[in-house]
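Just so we're aligned: 153 in my numbering is position 171 of the sequence shown, and the numbers increase by one with no gaps anywhere. By construction, the Cβ of each residue, glycine as well, lies at the ideal position given by its N, Cα and C atoms. Since we're looking at a predicted model, the values are computed, not measured. I have placed the structure first, in the form of structure tokens, so that the comments after it can refer back to it.
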Amino acid sequence: MESDRIFTDIHLPGGPRLATNPSNTDEENRALDKLFGDLASISSERDTYQRMLAIREDEISEAKAQLRFFRDQQVGAEDDNKQSKRNTDGMNEITREELSRTLSAIEERMDKRIERMEKESERSGEQFRSEMLLRDKALHREMALKEKSFRREHQAYAKALDEKLGGIEGAMSSAISEIKGFKLWMAGIGIAVVLGIMGANATIFGGGKAFFDGGKDSVLNQQRIEALIEESQSQTEATKKILEEIRARQESLQHPASVPAATPTAPKK
């Protein structure tokens, strides 16, 4: 496994080049920031102490010059105090050896303090570097374990995928065989449908012929019925004429002079 960038470079002002892990927690980052701030403050305090020491040396030199000036002014002057006993004793003059010892003591204390600060800074930097080294080792070990786990998961996934593809291939083979049988079954159904359609066509043709014959018979029956109706109408008219002749004959019998005898007519057949 490769990564484009694992660490982020941070440059302290006037300090060493360090590398931080982006997977650190917020608390760890705050601790690192505090350590960086302490290192920077130590460096700035060292410069401050050196500047203060230079200022003190200048002040001491200025004080020595003022003392030398006052001593030169007082030499040979008459004392305006007429008393034989003074209230306070005169201050003795600081000697070169005392001033040198004082400055040496100040320099020694400053050197010890600076040395102690340097040792603390080196110890803090060494602890920080050791902690970073341990974190880097832990990070590389964790990355190696993650890579192994990823490879195992990938192999298991590939194996499961191969098994699934094998099952799909078997299912496809069985489906292909079923499709072949289905094709044969559909061919049989098609033949049966064609035969059924042919039988239906024959049935329809026979039914149409029978219907045509039935229509022909119905026309003959209609003609027969019309003939019977005409015959019944003619018989009705003949019966009506017979009844009229009978009624006329009866009237002639009642009135023989006025009504001539009528000759009977045969009914139409």
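| Check | Outcome |
| --- | --- |
| Leaving out five residues before and five after A47 in sequence, what residues of the same chain have Cβ atoms less than 6 Å from its Cβ? | none |
| Alpha carbon to alpha carbon, how far is D8 from L17? | 14 Å |
| Spatial neighbours of L35 within its chain, please: CB distance less than 6 Å, with the 5 preceding and 5 following residues excluded, ordered by chain position. | M92 |
| Does L127 pass the burial test, meaning 16 or more other C-beta atoms within 10 Å, or should it be called exposed? | exposed |
| Please look up how many angstroms separate the CB atoms of S131 and D20, rounded, as I've assumed it's under 8 Å. | Contact flag wrong, Cβ pair sits at about 39 Å. |
| Could you check whether I88 and R38 sit closer than 8 Å to each other, using their CB atoms as the reference points? | yes |
| Going by the beta-carbon positions, is the gap between I42 and M99 smaller than 8 Å? | no |
| Less than 8 Å separating the beta-carbons of I76 and R28? | no |
| What's the gap between the Cα of L121 and the Cα of A138? | 25 Å |
| Taking the C-alpha atoms as reference points, what is the distance between K101 and S82? | 28 Å |
| For A59, collect the residues of the same chain with a Cβ closer than 7 Å to its Cβ; drop the 5 residues on either side in sequence, then sort them by chain order. | Here A59 scores only 46 on pLDDT, less than 50, and its place in the model should not be relied on; the value that follows carries that caveat. For A59, where only same-chain residues beyond five positions count, there are no Cβ hits under 7 Å. |
| Give me the residue from F110, E227, R33, A22 with the minimum Cα distance to E10. | F110 |
| Mapping the DSSP letters down to three states, classify T77 as helix, strand or coil. | coil |
| Do you know offhand how far R206's Cα is from G181's? | 37 Å |
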